[in-house]
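Peer 1: Structure incoming, see below.
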Amino acid sequence: MDFMDKQKAKQSLMKALFIVSMQIIYVKLFGYKNILVGMIMGMGTVSFLMRDLTGNLVYRGITFLILNIILGIFSFLSPINMWIGFFINFLTIFLTTYVYMNDFRSPTSYIFLMSYIFMWAIPVSLKELPARLVALNFSIVPIILAQLIFNKHRFENDSKKIIEEIIIDINKQIDDITNNTFEISENLKINKKIRNLLVLISEKSSNKFQNSKYEMKQFNIAVYLDRINLIIGHVAKNKKDKKFKDEYLSDIKVQINNISLYNEDYSYIETINKNIDEFIKKYESISDKPIFISDSIHLLKVLKININNKEECKERNIYKIYKTVNVAHKFELIISMKENFNLNSLKMIYSLKLALSISLAMFLIQFLNIPYGRWIVITIYVIMQPYEEDTVIKAKKRLKGTFIGVILFFSIFSLIHDTIPKMIVLFIAFFYYFYFKEYDKKVMCMTTISLSSVSLVHYINIISIGRLMFIAIGVGFGLLINKYFLPYNITDSIEELKLKYKNNERKIQKELDKVLKGKGNLDKLIKLTLEESQIENKLIANNSRAKDEELEKIIYKHSIMMSDARFLLLRFYHEKYILDNV
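The sequence shown begins at 1 in UniProt numbering and counts up one residue at a time.
Laid out in structure tokens, this is it:
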């Protein structure tokens, strides 16, 4: 394996072993009709590890459990009557996609709907239905256990790592200003990392910050670093004499390292206090201070207030803040759904396209009695992407990967007739599926995996030839829907995100005004500021493809405004409540 990345190969090996084990367990416990359900849900366990769900694991577990039961029952009912089944399939796919569709990451619904398609394609009798439902709900156990084992400390480790990277970059930026080699791109790079940190916090803290002390601490640090980065950007442009600027930058580096100490643990409080006091004493007495000096002093005062709160005092004060500031329930799912219930919304358009294309394909397959027509449905589901451009790209790669996969399948299984070697081939195919990055190579492996799994109970030659033909039909059908039914591209996404960006900014300003008057919703305000970072990240990612230079300037300008809003929130948070209890 010298030509391989050893760490990646090891991870791929463990994932492949887990998936094959899941298939064997499902065959033994629930029969061959549920082998593909076991495979898909096993892949779901691995896929969900890319996200930290530990912040609300009980809630996730319950919702996954309920979703599995609903999908299991509906997949049983829909094949009974194709006319009624069309509406069942349409509503099931639409609602599942719409509820779980997210502009900022891959939707949670992907694995569950793939499982639904396989359950629809391999129906069970009423007598077999309880076993299928148990098989579905059994899959929740490894998802939860995997999160507890592998992601328990993920947020803590990832957030600390990003913070340390930001601190290193800010220190380098200071050195570059001192050496007259500073470029604005450095400031923007740091700004992006701070935004990534805020997105990480947002994804972790689905619950209220009232119950998320560590996330609140990391949010505080993100705001401090955001503010310092903004101040340093102003210093770089300031015309003050160089000697004074260099002295200030040298002193502020010490304070930045204070944040690094604070990021580690609470054992450095005395050192941090001493450093802050020395800075404030030195610069507070200066008359006619530049704005960046005044901002720095105030920032450090707020930092000092924060770090000197004892843990037992923090719980009392945080509770008081939330009680006083009138915190309502966390964002309602219904509110988000209402906001996106229009034909300009990606959530709405993608859900409709997916629901129509898949339910219509399912209906035609039943109406025409096409054997193994599930490959048409699976192909449509996989190639249908939120953006029109991505669907075309994925369709081409899927055709290529499937063709190679079918040839590979014929080559291997024409020589193999025993079930045990097939499981070994499955293991190898899964290993390379997880190891490869390229989509066409992944499709090649998945074609071999899917056909191998089905070939355990069906004649392989017919399936192989049929799969290649059905893939082509599915690609053509998917491309037609994608092109002519509610087309949505990167440019449309940017326009929608820009509108969300502006609306979110108005909501932040409105809620901030309320909070400063003691009438607002602090939890909502924090969530809005974090959502702003998510929108910025997605805008920048999409704009890297659209190449709109004007948009980059708008984002940078708005990010400065949001920095002001977040810091104002932090000042209010500490001055109005915590300062009175220190």
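Yeah, the Cβ is synthetic: ideal placement off N, Cα and C, and Gly gets one too. Computed from a predicted structure; not experimentally measured.
Give the straight-line distance between the Cα atoms of L145 and L57, rounded to the nearest whole angstrom.
Peer 2: Each residue's Cα considered, the two are about 10 Å apart.
Peer 1: Would you mind sorting L499 into buried or exposed? The rule is 16 or more other CB atoms within 10 Å of its CB.
Peer 2: With fewer than 16 Cβ atoms within 10 Å of its Cβ, L499 is classed as exposed.
Peer 1: CB N89 to CB M362, shorter than 8 Å?
Peer 2: Going by C-beta atoms, N89 is nearer than 8 Å to M362.
Peer 1: To the nearest angstrom, how far is it from the Cα of K320 to the Cα of L522?
Peer 2: In this prediction, K320 scores a pLDDT of 41, lower than 50, which makes its location untrustworthy; no coordinate-derived value is stated.
Peer 1: Under 8 Å between the Cβ atoms of K483 and S452?
Peer 2: No; because the gap between Cβ atoms is not below 8 Å, this pair is not in contact.
Peer 1: Note down the Cα distance separating I407 from I473, rounded to an integer number of angstroms.
Peer 2: If I take the Cα positions, the gap works out to 18 Å.
Peer 1: Span of the alpha helix (DSSP H) holding D176?
Peer 2: Run containing D176: R154 to T178, per the alpha helix (DSSP H) assignment.
Peer 1: In three-state DSSP terms, what is Y319?
Peer 2: Only weak support exists for where Y319 lies, its pLDDT of 39 falling under 50; the value from the coordinates is given anyway. Reduced to three states, the DSSP call for Y319 is helix.
Peer 1: Curious, which full-length alpha helix (DSSP H) runs of at least 4 residues does the stretch 41-122 contain?
Peer 2: The stretch 41-122 contains these whole alpha helix (DSSP H) runs: 57-77, 82-100 and 109-121.
Peer 1: Would you mind stating whether R60 and E536 have Cβ atoms separated by less than 8 Å?
Peer 2: No. Outside cutoff.
Peer 1: Are there 16 or more other CB atoms within 10 angstroms of the CB of L53, so buried, or fewer, so exposed?
Peer 2: Buried, by the Cβ-count rule.
Peer 1: What residue range is occupied by the uninterrupted alpha helix (DSSP H) comprising N187?
Peer 2: N187 -> alpha helix (DSSP H) spans I184 to K204.
Peer 1: Along the chain, which unbroken stretches of the beta strand (DSSP E) at least 3 residues long are found entirely within the stretch 361-421?
Peer 2: Listed in chain order, nothing qualifies, since the stretch 361-421 has no complete beta strand (DSSP E) run of 3 or more residues.
Peer 1: Could you say which of L197, F292 and Y283 lies nearest to K239 if we only look at CA atoms?
Peer 2: Nearest option by C-alpha distance: F292.
Peer 1: Only counting the same chain, and skipping five residues up and downstream in sequence, which positions put a Cβ closer than 8 Å to that of L399?
Peer 2: Hits under 8 Å: I471, A472 and V475.
Peer 1: With 8 Å set as the bound, which would you pick, yes or no: does the beta-carbon of K274 sit closer than that to a beta-carbon of chain B?
Peer 2: Reference to chain B is not applicable here, since this structure consists of a single protein chain.
Peer 1: Rounded to whole angstroms, what is the Cα-Cα separation between L77 and I93?
Peer 2: Distance between the alpha carbons of L77 and I93: 14 Å.
Peer 1: Alpha carbon to alpha carbon, how far is K161 from R506? Give it in angstroms, no decimals.
Peer 2: The alpha-carbon atoms of R506 and K161 are separated by roughly 32 Å.
Peer 1: Using 10 angstroms around the beta-carbon of T447, count the other beta-carbons present and answer buried if the total reaches 16, otherwise exposed.
Peer 2: Label assigned to T447: buried.
Peer 1: For a test of the three-state rule: what should DSSP assign to T491, helix, strand or coil?
Peer 2: Reduced to three states, the DSSP call for T491 is helix.
Peer 1: Specify the secondary structure class of T271 as computed by DSSP and reduced to three states.
Peer 2: It is helical.
Peer 1: If we ignore side chains and look at the alpha-carbon of each, how far apart do L200 and F431 end up?
Peer 2: For L200 and F431, the distance between alpha carbons rounds to 29 Å.
Peer 1: Can you give the Cα-Cα distance for G405 and M444, rounded to whole angstroms?
Peer 2: The straight-line gap from Cα to Cα measures roughly 4 Å.
Peer 1: According to the Cβ coordinates, are K204 and E215 closer than 8 Å?
Peer 2: It is a contact, given that the beta carbons lie within the stated cut-off.
Peer 1: Roughly how many whole angstroms lie between the Cα atoms of N542 and E496?
Peer 2: Spanning the two alpha carbons is a distance of roughly 12 Å.
Peer 1: Would you call the CB atoms of N68 and L126 closer than 8 Å?
Peer 2: No. Outside cutoff.
Peer 1: Count the other CB atoms within 10 Å of the CB of I424; is the residue buried (16 or more) or exposed (fewer)?
Peer 2: When all chains shown are included, I424 counts as exposed.
Peer 1: Once DSSP output is grouped into helix, strand and coil, what is the label at E536?
Peer 2: DSSP places E536 in helix when its eight states are reduced to three.
Peer 1: To the nearest angstrom, how far is it from the Cα of R545 to the Cα of K243?
Peer 2: The alpha-carbon atoms of R545 and K243 are separated by roughly 43 Å.
Peer 1: So V235 and I177 are in contact, right, with Cβ under 8 Å, and what is the actual spacing, rounded?
Peer 2: Rounded, the Cβ-Cβ distance is 7 Å, consistent with contact.
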